[in-house]
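Participant: Before I ask anything, let me first share the structure, which is written out below as structure tokens.
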Amino acid sequence: MTNTKYKSDIDQLYKCPCTLNLLDRRWWVYQIRGNVTCYALSSNVKSRLLQGNPRNRLCCYQWNYYQYYPNQAQYNEALRKASNIHNSLDAGHVLLSDPWPWSSSVAENVQANRWCCKESNSSALCERFFAVFPDMSCTNIIPFIPANILGDPHFITLDDLNYTMNGWGEYTLMDIPSRSFLLQ
Numbered sequence: 019m020t021n022t023k024y025k026s027d028i029d030q031l032y033k034c035p036c037t038l039n040l041l042d043r044r045w046w047v048y049q050i051r052g053n054v055t056c057y058a059l060s061s062n063v064k065s066r067l068l069q070g071n072p073r074n075r076l077c078c079y080q081w082n083y084y085q086y087y088p089n090q091a092q093y094n095e096a097l098r099k100a101s102n103i104h105n106s107l108d109a110g111h112v113l114l115s116d117p118w119p120w121s122s123s124v125a126e127n128v129q130a131n132r133w134c135c136k137e138s139n140s141s142a143l144c145e146r147f148f149a150v151f152p153d154m155s156c157t158n159i160i161p162f163i164p165a166n167i168l169g170d171p172h173f174i175t176l177d178d179l180n181y182t183m184n185g186w187g188e189y190t191l192m193d194i195p196s197r198s199f200l201l202q
């Protein structure tokens with residue numbers, strides 16, 4: 019590809035995390051196909067951090083989303099082992115635009131991959147697809163972004179109450195006067 023604007027758009031996108039446990043609120047579930055789960059950059063990230071960039075990135079991971087995990091430790095271990103798929107027909111790739119149902123280009127984002135790689139008997143056609151819509155490998159280095167960029171934080175306190183934080187100033191989460199402890 020020689021289109022410099024297209025290349026610039028792709029370079030601005032966040033790289034896929036190498037394992038599922040590195041995903042954060044930047045990524046939303048797009049599609050679940052058996053033991054392959056694919057994520058794309060959320061509309062919040064696109065509107066706040068990648069303004070004017072029409073492209074998106076699909077990151078796919080091999081793991082069983084619906085499998086029952088008897089405890090949190092086993093679930094966390096499964097997330098650590100769920101690795102990014104690349105150099106495969108199930109790999110993620112660059113998308114022309116956002117893949118969300120309210121987007122006007124949903125079909126063109128996934129149809130081309132299906133026609134060129136999954137329904138075609140031509141490996142050359144699939145190779146050409148990935149030359150135009152590359153699978154950009156992955157990273158273990160996740161750039162920090164402030165939580166307020168992605169919306170109001172939601173949290174559960176030690177007494178199991180749910181809160182949404184949408185204010186300014188200082189807030190006290192925990193105060194233990196007998197221990198001279200104050201958590202703000």
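Under this note's numbering, the first residue of the sequence shown carries the number 19, and numbering increases by one thereafter.
We treat Cβ as the ideally placed atom computed from N, Cα and C, and that holds for glycine.
Keep in mind the model is a prediction, meaning the values are calculated, not measured.
Helix, strand or coil for residue 118, going by three-state DSSP, please let me know.
Facilitator: As a working note, residue 118 is residue 100 in the sequence shown. Correct three-state label for residue 118: coil.
Participant: Taking only runs of the beta strand (DSSP E) that begin and end inside the stretch 47-78, which ones reach a length of at least 3 residues, in chain order?
Facilitator: Along the length of the stretch 47-78, whole beta strand (DSSP E) runs at least 3 residues long occupy 54-59, reported in chain order.
Participant: Please classify residue 99: is it buried, with 16 or more other beta-carbons within 10 angstroms of its beta-carbon, or exposed?
Facilitator: In the sequence shown, residue 99 corresponds to position 81, counting from 1. So residue 99 ends up on the exposed side.
Participant: Taking the beta carbon of residue 161 as the centre, do at least 16 other beta carbons fall within 10 Å, making it buried, or is it exposed?
Facilitator: The sequence position of residue 161 within the sequence shown is 143, counting from 1. Exposed, by the Cβ-count rule.
Participant: Which of the three DSSP states is assigned to residue 129 in this structure?
Facilitator: On the sequence shown, residue 129 is found 111 positions in, with the first residue counted as 1. Helix, per DSSP.
Participant: Buried or exposed: residue 154, going by 16 or more other Cβ atoms within 10 Å of its Cβ?
Facilitator: Sequence index remark: in the sequence shown, residue 154 carries index 136 (1-based). When all chains shown are included, residue 154 counts as buried.
Participant: Would you be able to state if there are at least three C-beta pairs under 8 angstroms between the stretch 65-81 and the stretch 28-39?
Facilitator: Result yes; three or more Cβ-Cβ pairs closer than 8 angstroms.
Participant: Assign residue 58 to buried or exposed, taking buried as 16 or more other Cβ atoms, counted over all protein chains shown, within 10 Å of its Cβ.
Facilitator: For the purposes of this step, residue 58 is identified with residue 40 of the sequence shown, where counting begins at 1. When all chains shown are included, residue 58 counts as buried.
Participant: Which residue marks the beginning of the beta strand (DSSP E) containing residue 210, and which one marks its end?
Facilitator: Within the shown structure, residues of the chain are numbered from 19 to 202, placing residue 210 beyond reach of any answer.
Participant: Run the CB neighbour count on residue 88, radius 10 Å, all protein chains shown included, and call it buried at 16 or more, exposed below.
Facilitator: Taking the first residue of the sequence shown as 1, we reach residue 88 at position 70. By the beta-carbon neighbour count (other beta carbons within 10 angstroms, threshold 16), residue 88 is exposed.
Participant: Is it buried or exposed for residue 120, if we count other Cβ within 10 angstroms and need 16 for buried?
Facilitator: For the purposes of this step, residue 120 is identified with residue 102 of the sequence shown, where counting begins at 1. That one is exposed.
Participant: Out of 71, 40, 111, which one is the CA nearest neighbour of residue 96?
Facilitator: Your numbering for residue 96 matches position 78 in the sequence shown. Closest in C-alpha terms to residue 96, from the list 71, 40, 111, comes 40.
Participant: May I ask you to list the residues that DSSP assigns as paired with residue 29?
Facilitator: Stepping through the sequence shown from its first residue, residue 29 is reached at position 11. Paired residues: none, contrary to the question.
Participant: Could you have a look at residue 36 and say whether DSSP puts it in helix, strand or coil?
Facilitator: Within the sequence shown, the letter at position 18 stands for residue 36. Residue state, collapsed to three classes: coil.
Participant: Taking the Cβ atom as the reference point for each residue, do residue 131 and residue 111 lie within a distance shorter than 8 angstroms?
Facilitator: Taking the sequence shown and counting its residues from 1, one reaches residue 131 at position 113. Taking the sequence shown and counting its residues from 1, one reaches residue 111 at position 93. Yes, these two residues count as a Cβ contact at 8 angstroms.
Participant: Would you mind reading off the limits of the beta strand (DSSP E) that contains residue 192?
Facilitator: Taking the first residue of the sequence shown as position 1, residue 192 is located at position 174. Its beta strand (DSSP E) spans residues 192-194.
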